[in-house]
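> Starting off with a structure, shown below.
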Amino acid sequence: MRRILIYIFAISLSFNFLTCSDHYEEATSKHVYGEDENPYLRVDQEATITTNIEFAVERLEPYVVSLDDHNELFQEKMGMTVEQVISGLNNGSVVFYNINTTRNHWNKSGKTKGNTGWYYNTAGGVTTESDNAKTASLDIDTNNKTLIVTPIENVAVGTSVAFNVGFAVNGDDYDDYVRFSFQVSYTDPTIVMLNITIPAGDYASYGIDLNNYAETIALCMEMTVEEFLANMDTNGGKIRMYAVNPQSGEWDETSSYTANAPGYWMNNSGAVCNWGDTGFTVFAELNTDDQLLYIGRAPELTAGNKYAISIGYRNMESVNYFFRFIIGVTLA
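Residue numbering for the sequence shown follows our numbering, starting at 359 and increasing by one per position.
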C-alpha cells in the first residue's frame with residue numbers, strides 16, 4: 359500500500375512540473391494586443407519631450423510645437439523622419455494617441471475635437487467640447503507638422519492640467535515611440551501686486567522702479583523698459599496710462615490726466631479726481647526720464663491711513679498688450 363501511494367505521488371509531481379512548465383512558457387511570451395485593447399506603455403524617459411505652458415488669461419493665444427524641431431529624436435526612437443511619421447499616419451504604419459499616465463498605457467479613444475485632436479478636463483482626461491470642465495485642447499496639423507495646444511476661455515487663474523500624447527510605430531505593441539508631455543497652467547502676468555509706504559510729509563512720494571518689472575513689460579508689452587517709456591502717449595506714442603478700479607478691475611477709459619501727465623489724482627476709493635476735490639488722497643505720476651512711477655500723498659493726511667489704487671498701461675492700437683499695478687498704499 360505504501361509503494362502504491364509513493365508511486366501515485368511521483369506521477370502527480372511529474373504532472374505538476376509539466377503544468378508549471380506550460381504556464382511559464384505562456385507567462386514569458388509577449389502579449390499581442392487586440393484591436394480594442396490599450397497597449398502597455400514601455401517607459402522610456404529619453405523618448406519624452408516635456409513642455410510647460412503658461413497661458414496668460416488676459417491674452418490667450420495657442421501654443422505651437424514644431425515636430426521638425428524633434429526630428430533627431432523621431433529618427434532615434436522610431437527610425438523615421440518627421441516627414442515619414444506624418445506619411446505613416448496617413449497609411450496606418452504610425453499611430454497617434456493619448457497616453458494614460460495613471461495606468462501607464464496608451465489610450466486609443468477616438469478624437470473629440472473634430473478629426474484633429476482632443477479636449478481635456480481638469481484631471482487631464484479626454485473630454486468633449488460640451489464639458490464645462492474642459493481646460494485645454496490639442497490638435498495635430500499634419501500639413502504644417504505641428505501640435506497646437508489651445509487654451510479655453512474663462513478658465514480660472516491657477517488652474518492647471520497635465521496630459522500626454524505620443525506617436526508610435528504601429529504593430530503588436532507601441533514600444534517604439536516619441537511622447538509629448540504637456541503641463542498647462544493659467545496665470546495672470548498682467549497684474550503686478552505690491553505694497554508701498556509713502557514717507558511722511560505733504561506731497562511726499564514713493565518711486566516704483568519700472569526696471570524691477572522689466573520681465574512683465576517684456577511679456578505683456580513685448581518691449582524693453584526704454585521702448586515702453588518712449589512709446590507713452592505723452593511722448594507721441596500709443597501707450598496710455600489708466601486708472602483702474604482696484605476692486606472690479608474696470609479700466610477708466612474716459613478720464614483725462616489730472617496730475618502731471620501721464621498721471622492722476624485719486625480719491626480714497628482709487629477713482630480719478632482733481633486736486634482739491636473732496637476726498638483727494640494720492641497721486642500717481644510716471645516720470646519717463648527717471649523710469650519711476652511716483653505714488654504721492656495729498657497734504658494733511660493722517661499717518662497710518664491705508665488705500666488701494668490700481669494703475670494700468672495699455673497700447674491704444676493693440677489693446678491685447680497691457681498690464682497693471684495693484685498697489686496697497688500706507689502713509690508713514
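Note that the Cβ used here is the ideal one computed from N, Cα and C, for glycine as well. Predicted, not measured: the structure shown is a model, and the values here were computed from it.
Between which two residues does the beta strand (DSSP E) harbouring V542 extend?
Residues Y535 to T545.
> Pick out whichever of F525, T406, T408 and E416 has its Cα sitting closest to the Cα of V677.
When each option's Cα is compared against that of V677, the closest is E416.
> Would you mind stating whether Y622 and F641 have Cβ atoms separated by less than 8 Å?
Yes.
> Return the Cβ separation of G524 and I444 in integer angstroms, given the expectation that the two are a contact with Cβ distance under 8 Å.
No, G524 and I444 are not in contact; Cβ-Cβ is about 15 Å, not under 8 Å.
> State the Cα-Cα distance for the pair V659 and G628, rounded to the nearest angstrom.
Note that residue 659 is Leu in the sequence shown, not Val. Rounded to the nearest angstrom, the two C-alpha atoms are 16 Å apart.
> How big is the Cα-Cα spacing for I575 and R672?
The straight-line gap from Cα to Cα measures roughly 11 Å.
> Assuming Y398 and N462 make a contact with CB atoms under 8 Å, what is their CB distance in whole Å?
Confirmed, about 7 Å.
> Just the Cα atoms here: how many angstroms apart are I554 and I411?
Computed Cα separation, rounded: 32 Å.
> Which residue comes first and which comes last in the alpha helix (DSSP H) that contains T574?
That run of the alpha helix (DSSP H) goes A572 to M579.
> Say whether chain C places a C-beta atom closer than 8 Å to the C-beta of L505.
This model lacks chain C altogether, as it is built from one protein chain only.
> Per DSSP, K492 forms a beta bridge with which residues?
Beta-bridge pairing links K492 to N479.
> Would you report the Cα separation of R682 and G662, rounded to the nearest angstrom?
Rounded to the nearest angstrom, the two C-alpha atoms are 25 Å apart.
> What residue from V583, M436 and E441 has the CA that sits closest to D648's CA?
Measuring from the Cα of D648, the nearest candidate turns out to be V583.
> Can you name, in chain order, every residue of its own chain whose Cβ lies under 7 Å from the Cβ of S467, other than the five neighbours on each side?
The answer, listed in chain order, is N456 and V484.
> When DSSP labels each residue in this structure, what does L650 get in the three-state scheme?
Strand at L650.
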